[in-house]
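Trainee: Quick one: this structure, given as structure tokens, is what I'll be asking you about.
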């Protein structure tokens, strides 16, 4: 079995000293948490909530139909999903810091490229690189970095990061609307690209570290004894008494939980991406305004933040398959409520239900993969899921754009979305933890596939 090429630096027994980490009087993971949060927020120009406010302005300026711009977004997003498993493999080999540096540099260029778009082809190419680098690569690498630093406290850490990040997400559409009104959509996107470089590159150069072992620490800030307890010895840290799980990608693909979680991630990616991409037009069709749509993102983000934090705490205390089912109920219920939106109050209600469900789902996603399958091949395993998720997210905007051109509205496709989401409420309960590939079974050769 091939192992990750990124090894901790203290294999010879002498713990490394890092000029930054050695001056921090507490676990360096708590420094990495806001660093990872800032990098994730910087991916917003490639996220659907970041693109959505620009969408109608780009469409009108380039004389594109709803189907054309959403089709370009669909194809760009689908093709952007294909390299994700390779991005994960590169992370396993070289570590997230090197890969993120290259990704961030290219991502800023992609923002500038969209600001210079002249037609359908250049819009498509810009969407391709924005989605591949922003939504796909940065999202994958930041999530995996967090899982390298936290284990028993991963739910709490992910909850804190996403709670703050979701609040920022709620402000991004309003900020983008201000950029458009002040500088125009072209200069607005170019400014965003410059901000990405200015905000992220110093963090990668001075503060970012790949994993706790590289600075002489252990996940969660545990001591060596807590991280590797004697068999049968009790420890206060949850889950630390278990040997590390070491599933390969091929082994993970043979488990039921992988495929249930893949569908549980793909459906929201398709539906929520479609809703966010067409949010302004949905609200205009409902008699509301562009500003109301921007406010919806804020409400969605606040609900997302609150339930992500709560879900992160619950993920450390209850089965993840139950939380997955709860999140699917929020997805199906939120879509049904969107059909009824006709005022700012019904808009808030819809955003709370859908945003809350997505917050719980993010808590599950942040913790499930490392707890079910381990850290050794996490890049490849999560990379394969991101490929599925990003590909699914490509279809939502196109289906909704085609529905609007065909029926003059979105209600028909919303009912379809609700119908295919509802069964996942029950199916999610079967996403239980697989039993194969613990580290001690691999060493002793006593483990068997299951």
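In this note's numbering, the protein residues as written are 27 to 476. By construction, the Cβ of each residue, glycine as well, lies at the ideal position given by its N, Cα and C atoms. In this text, all values refer to a predicted model and were calculated from it rather than measured experimentally.
Use the C-beta contact count for residue 231: other C-beta atoms within 10 angstroms, 16 or more gives buried, fewer gives exposed.
Mentor: Under this definition residue 231 is an exposed residue.
Trainee: Tell me which residue opens and which closes the alpha helix (DSSP H) that residue 421 is part of.
Mentor: Segment 404-433, the alpha helix (DSSP H) holding residue 421.
Trainee: What three-state label does DSSP hand residue 255 in the structure shown?
Mentor: Its pLDDT being 45, under 50, residue 255 is placed unreliably in this model, and the coordinates cannot settle the point.
Trainee: Please go through the same chain and pick out, in chain order, the residues whose beta-carbon is closer than 6 Å to the beta-carbon of residue 89, but skip the five residues on each side of it.
Mentor: If we look at residue 89 and ignore the five residues flanking it on each side, it has no Cβ neighbours.
Trainee: Just how far apart, CA to CA, sit residue 229 and residue 439?
Mentor: Distance between the alpha carbons of residue 229 and residue 439: 42 Å.
Trainee: What are the complete alpha helix (DSSP H) segments, minimum 4 residues, inside the region 281-365?
Mentor: The region 281-365 contains these whole alpha helix (DSSP H) runs: 282-303, 305-311, 316-341, 346-365.
Trainee: Residues in its own chain within less than 6 Å of residue 79 by CB, not counting five upstream and five downstream?
Mentor: So the list reads 199, 202, 203, once near-sequence residues are dropped.
Trainee: Where does the unbroken alpha helix (DSSP H) through residue 155 begin, and where does it stop?
Mentor: Where residue 155 is concerned, the enclosing alpha helix (DSSP H) stretches over 146-156.
Trainee: Out of 95, 357, 242, 390, point me to the one whose CA is closest to residue 295's CA.
Mentor: Residue 357 is the option with its Cα nearest to residue 295.
Trainee: Is residue 177 helix, strand or coil by DSSP?
Mentor: If DSSP states are grouped into helix, strand and coil, residue 177 belongs with coil.
Trainee: By Cβ distance below 7 Å, which residues in the same chain neighbour residue 299 in space, the five residues on each side in sequence not counted?
Mentor: Excluding residues within five positions, the ones whose Cβ falls inside 7 Å are 74, 419, 422, 423.
Trainee: With a cut-off of 8 Å, do at least 3 Cβ pairs link the region 218-225 to the region 352-369?
Mentor: No, they do not touch.
Trainee: Which two residues bound the contiguous alpha helix (DSSP H) that contains residue 95?
Mentor: 92-107 is the extent of the alpha helix (DSSP H) around residue 95.
Trainee: Taking its Cβ as the centre, do 16 or more other Cβ atoms sit within 10 Å of residue 171, making it buried, or is it exposed?
Mentor: Classification for residue 171: buried.
Trainee: Please classify residue 142: does DSSP put it in a helix, a strand, or coil?
Mentor: Note: residue 142 maps to coil in three-state DSSP.
Trainee: From residue 404 to residue 396, what distance separates their C-alpha atoms?
Mentor: Looking at the two C-alpha atoms, the distance is approximately 7 Å.
Trainee: Cβ of residue 284 within 9 Å of Cβ of residue 411?
Mentor: Yes; because the gap between Cβ atoms is below 9 Å, this pair is in contact.
Trainee: By a C-beta neighbour count over all protein chains shown, 10 Å radius and 16 as the cutoff for buried, is residue 279 buried or exposed?
Mentor: Residue 279 should be labelled exposed.
Trainee: Ignore the nearest five residues each way along the sequence and tell me which others in residue 247's own chain have a CB closer than 7 Å to its CB.
Mentor: The answer, listed in chain order, is 53, 55.
Trainee: When we look at the beta-carbon of residue 71 and count the other beta-carbons within 10 Å, is it buried (16 or more) or exposed?
Mentor: Looking at its Cβ environment, which holds 16 or more other Cβ atoms inside 10 Å, residue 71 is buried.
Trainee: Nearest to residue 400 by CA position, among 83, 175, 51, is which residue?
Mentor: Per the Cα distances, 175.
Trainee: If you run the structure through DSSP and keep just helix, strand and coil, what is residue 243?
Mentor: Note: residue 243 maps to coil in three-state DSSP.
Trainee: Which stretch, first to last residue, makes up the alpha helix (DSSP H) that contains residue 277?
Mentor: Unbroken alpha helix (DSSP H) run through residue 277: 275-279.
Trainee: Measuring CB atoms only, is the region 147-155 touching the region 95-106, in the sense that at least three cross pairs come out at less than 8 Å?
Mentor: These segments touch.
Trainee: Using CA coordinates, which residue listed in 344, 59, 448 is at the minimum distance from residue 237?
Mentor: It is 59.
Trainee: Could you pull the start and end residues of the alpha helix (DSSP H) that residue 60 belongs to?
Mentor: First-last of the alpha helix (DSSP H) with residue 60: 55-67.
Trainee: Kindly indicate which residue of 330, 182, 129 has the alpha-carbon position closest to the one of residue 343.
Mentor: Measuring from the Cα of residue 343, the nearest candidate turns out to be 182.
Trainee: Can you give me the start and stop residues for the alpha helix (DSSP H) that residue 398 sits inside?
Mentor: Note, residue 398: alpha helix (DSSP H), 370-399.
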